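Data block below; observations after.
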Amino acid sequence: MSKCNAISGSIVVVNSASPVSARLFAFCAALLLSHASTGLAETKPGCLDFRAVGHATAPSLHPYLPTDIWGADLWGVLGGQLVSGYITGNDGDVSDHGASSTGKNGSYHVALKDSQGGAMGSFWIQVHSEFSFPPGKAGVGYYKGLGIIVQGKGEQMFAYASGSFDWAGPFVAWDDTTNELGFSGRFNPEIKGSICGLTD
């Protein structure tokens, strides 16, 4: 018996030596390519889909400016290409609202490399964020942010880039007198968005 699952993006073919299985495999492959093309068509013309995950620390392990607080190693996909790199910066003007806080005009620097380790360039994002602390969960919280690429400040293929990201994830922070921040933390962000106007 043979079957395909285009919804989950997988193809399972059993007894593939038979002509029927071969034809079914070809049909499933075409169906998956059609499904993938439909998803890509939803991205704006001239834009590439960007998805990444990261592991961040405070203090930043990749400080670009003296004011950087959080920094994360990143791994992801840009327009179907594997990329890696880092993001580092701070959340700007932070206001405390008890169980939650908000940040305005934060600034983060993002640098990416291709799958071979070649530098692709870097860009800046302006961030507005919210981070909350669940009741009874001292030190543990959840971060949500919206990042807008600052046009005209990028380098290499991101020199004229634009776009936006949603990024969110859990974090933990604790008092730490061994560094200048007075605290340390860990944060696992998931980043989703698109980047437009890339150059070769």
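Just so we're aligned, residue -3 is where the sequence shown starts under the working numbering, counting upward by one.
In this text, a Cβ means the ideal position worked out from N, Cα and C, and glycines have one as well.
Computed from a prediction, not measured in an experiment: that's the story for all the values here.
Are residue i and residue j closer than 7 Å when you measure CB to CB?
i, j, result
"Val146", "Gln122", "yes"
"Asn191", "Ala157", "Looking at the sequence shown, residue 191 is not Asn but Ile. Yes, the Cβ-Cβ distance between Ile191 and Ala157 is below 7 Å."
"Ile65", "Ala48", "no"
Mind checking residue i: buried by the 16 CB within 10 Å criterion, or exposed?
i, result
"Tyr139", "buried"
"Asp78", "One detail in the question is off: residue 78 reads as Leu in this sequence, not Asp. The residue is exposed, with fewer than 16 neighbouring Cβ atoms inside 10 Å."
"Ser111", "exposed"
"Thr84", "buried"
"Gly42", "exposed"
"Gly189", "buried"
Give the straight-line distance between the Cα atoms of residue i and residue j, rounded to the nearest whole angstrom.
i, j, result
"His58", "Gly76", "26 Å"
"Gly50", "Ser80", "9 Å"
"Gly193", "Phe154", "8 Å"
"Ser118", "Gly67", "15 Å"
"Ser56", "Thr63", "10 Å"
"Ile144", "His93", "24 Å"
"Gly113", "Gly148", "25 Å"
"Asp171", "Asp196", "45 Å"
"Gly99", "Phe129", "15 Å"
"Gly135", "Phe179", "10 Å"
"Asn86", "Ser97", "14 Å"
"Leu108", "Asp45", "14 Å"
"Phe161", "Ser125", "12 Å"
"Ser30", "Leu177", "With a pLDDT of only 39 at Ser30, under the threshold of 50, the placement of this residue in the model should not be trusted, and no figure is reported."
"Gln152", "Met116", "7 Å"
"Tyr104", "Phe127", "16 Å"
"Gly137", "Val106", "24 Å"
Would you mind giving the Cβ-Cβ distance between residue i and residue j, rounded to the nearest angstrom? I have them listed as a contact below 8 Å.
i, j, result
"Leu255", "Tyr60", "Outside the modelled stretch of the chain, which goes from -3 to 196, sits residue 255, for which no answer is possible."
"Ala164", "Gly141", "7 Å"
"Ala52", "Pro166", "About 11 Å; that fails the 8 Å criterion."
"Gly88", "Gly72", "Incorrect: roughly 24 Å between the Cβ atoms, too far for contact."
Using the three-state DSSP reduction, which class does residue i fall into: helix, strand or coil?
i, result
"Met153", "coil"
"Ile191", "strand"
"Gly50", "strand"
"Glu176", "coil"
"Asp87", "coil"
"Phe127", "strand"
"Gly81", "strand"
"Ala68", "strand"
"Asp45", "strand"
Report yes if the C-beta of residue i is less than 6 Å from at least one heavy atom of the ligand GDP; otherwise report no.
i, result
"Phe46", "The ligand GDP is not part of the structure shown, which contains no ligands of any sort."
Are the C-beta of residue i and some C-beta of chain C separated by less than 7 Å?
i, result
"Ala54", "The structure shown contains no chain C, having only a single protein chain."
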